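What follows is a set of notes on a single structure, which appears directly below.
Protein chains in written order, with the numbering used here: chain A, 12 to 109; chain B, 14 to 539.
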């Protein structure tokens, strides 16, 4: 299986949206590759005809009635947000022009 | 006067019904112990004295009214009424903190109760506070908590196991007779084993996870920790069952037998007679401590002597469990933890544009183990690697589950195995090598992969530290597992080690004793 280069670690950190220091990147490169080596045992096991298991209980298509219920109190929810404006949570702009 | 904190929950319940004690007295005694020892143990992240005493007084009012109504009214009371309980700090308790052991949830206040919190309130239990844990339940030692490690009450320089290390330590140290943990790869059973108490991971889907901080959604399950099987079963009975807010919670009926485990040792021991148990040879893993193997083999011999048959069996894909788990769990974690963006709750680090904010908030908010796992999961799910890692792991998961299914088809009632390959290890012993830490769960994580119930019970000491014995069952066989656990308790009721309690309680109570974080710093410098 593949090994992760330094730039590979940086790419994964970007995908995961985690800012890492140079020291963390160096440490993670070693540790992640050591863990990836443990995964190699799996490549020796033939699984072509084996279906994947995503969950272990036989529940499917669980439905419930669509009943209108009160939402959480606004003040409790907004109280956790770093910034709010009236009933809205303030977030950074995602488009250049406002 | 007897120390109320040394009693089992069912013994406390009897005192409450007779009026010999009150929930306020019980709660005060446990709070005092928790407040006294917490500097040395760091097992609690919050102790909520006022809330707990309020709940105790409400329970006492109901108890008083029932006593006025005679024995019929007392019989109708729920078993946990007025009994103190601890919650792992990833269970939502309205208005309280819920850190999941992470800086990224510091300051967050849960705006609602988890389903199991509602169930505990309905049952009249007294919630004392929230316990320490590995960050987002990722770890086997509680050293990955952002709020410092928890010490093991049996040896203050050793870990209590994890990730539910706080929940195990508070029960072992007599701060609460009952606690709630969660188990994704062993996080209830392994700390129960290392702290010398009982811990059960129920069948996947048995308990609603509404209001619980998610780690790996196809594996996570909530369960009880206690000092004996009867208490743990009674707690599971309160929290188990279908809840429509968690679509993975099962409509499978909750067995009434959970509240009717035999009180008499003779009746409990009789339950072992004629049982057919499998002993999976692969669970005696390379590197298992000889003392642990010896205690487990002695326990198996005792169970055979009590009339059960134990046959060596094989779970041939066990060796693939660790790699499979460390693909599936981090992959699911990387998706679940994507929600921590610092916008709606938790600390927010504004560093410029949206991307810079995310990088700063998540880079500073997550600890090293969480970063490692989110990175692993992100990699395993990323373009070009999905088939090689995640899909492959899901296929191997099928094989791991099939190993167990084959044994149930052969008529085995349950499997008996070690819980952890080692006793409690010293602070720092496995921190530098993540793979060494991951091996702590070699005997527990295949059970999560297969979605099965399993219980860990104490089976003696090795080098003065507790060893855990694990019973693993077919789906929905919790009542049968508790029957086996209770039977094993009964046949070892007079064993010398049963009368021992954690050896460093006096040291924990000494205000001059170092806090775990100070001890770890001293170790690092030395």
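Cβ coordinates follow ideal geometry from the N, Cα and C atoms, glycine included. None of these values were measured; they are calculated from a predicted model.
| Asked | Found |
| --- | --- |
| Endpoints, alpha helix (DSSP H) assigned at residue 204(B) | 202-208 |
| CB-CB length for residue 349(B) against residue 227(B), believed under 8 Å | 4 Å |
| Integer-rounded CB distance, given that residue 215(B) should sit under 8 Å from residue 249(B) | 6 Å |
| CB of residue 70(A) within 8 Å of CB of residue 331(B), strictly | no |
| Coarse secondary structure for residue 142(B), derived from DSSP in three states | strand |
| Chain A contacts made by the region 382-394 of chain B, where a contact means CB separation under 7 Å | 384, 385, 387, 388, 389, 391, 392 |
| Residue range of the beta strand (DSSP E) that includes residue 214(B) | 211-214 |
| Range of the contiguous beta strand (DSSP E) that encloses residue 192(B) | 191-196 |
| 8 Å Cβ cutoff met for residue 43(A) and residue 20(A) | yes |
| Best match in 36(B), 37(B), 59(B), 38(B) for proximity to residue 47(B) [C-alpha to C-alpha] | 59(B) |
| Short-range partners of chain A found in the region 225-244 of chain B, where Cβ spacing is below 7 Å | 231 |
| Proximal chain A residues relative to residue 370(B), where beta-carbon distance stays under 7 Å | 103 |
| CB contact below 8 Å: residue 39(A) versus chain B | yes |
| Beta-carbon spacing of residue 79(B), residue 116(B) below 8 Å | no |
| The alpha helix (DSSP H) enclosing residue 347(B), as first and last residue numbers | 334-349 |
| Where residue 75(A) meets chain B, residues with beta-carbon distance less than 9 Å | 257, 258, 260 |
| Three-state secondary structure assigned by DSSP to residue 488(B) | coil |
| Boundaries of the beta strand (DSSP E) in which residue 59(B) is found, first to last residue | 57-60 |
| Neighbour-count burial assignment, residue 132(B), 16 or more Cβ in a 10 Å radius | buried |
| Amino acids of chain A, ordered along the chain, whose beta-carbon sits closer than 7 Å to that of residue 347(B) | 27 |
| Three CB pairs or more closer than 8 Å across the region 93-104 of chain A and the region 356-373 of chain B | yes |
| Interface partners of residue 411(B) on chain A, CB under 7 Å | 61, 62, 63, 64 |
| Contact set between residue 81(A) and chain B, taken where Cβ atoms lie within less than 7 Å | Correct list: empty, because the minimum Cβ distance to chain B is about 11 Å. |
| Contacts of residue 87(A) in chain B (Cβ-Cβ under 7 Å) | 124 |
| Collapsed DSSP secondary structure at residue 483(B) in the structure displayed | strand |
| Where residue 160(B) meets chain A, residues with beta-carbon distance less than 8 Å | Correct list: empty, because the minimum Cβ distance to chain A is about 19 Å. |
| Per-residue contacts from residue 361(B) into chain A (C-beta, under 7 Å) | 93 |
| 8 Å Cβ cut-off: residues of chain A touching residue 215(B) | Ordered by position in chain A, no residue passes the 8 Å Cβ test against residue 215(B), which lies about 12 Å from the chain. |
| Any C-beta of chain B under 8 Å from that of residue 70(A) | yes |
| Bounding residues of the beta strand (DSSP E) (the contiguous stretch that carries residue 290(B)) | 289-293 |
| Contact list for residue 15(A) against chain B, beta-carbon separation under 8 Å | 392 |
| CB contact check: residue 448(B) to chain A, cutoff 8 Å | yes |
| Segment contact, 8 Å Cβ cut-off, at least three pairs: the region 480-488 of chain B with the region 432-440 of chain B | yes |
| Proximity test, Cβ basis, 8 Å: residue 408(B) and chain A | yes |
| Residue-level contact to chain B via CB, residue 90(A), 8 Å cutoff | yes |
| Cutoff 8 Å: residue 263(B) Cβ touching any chain A Cβ | yes |
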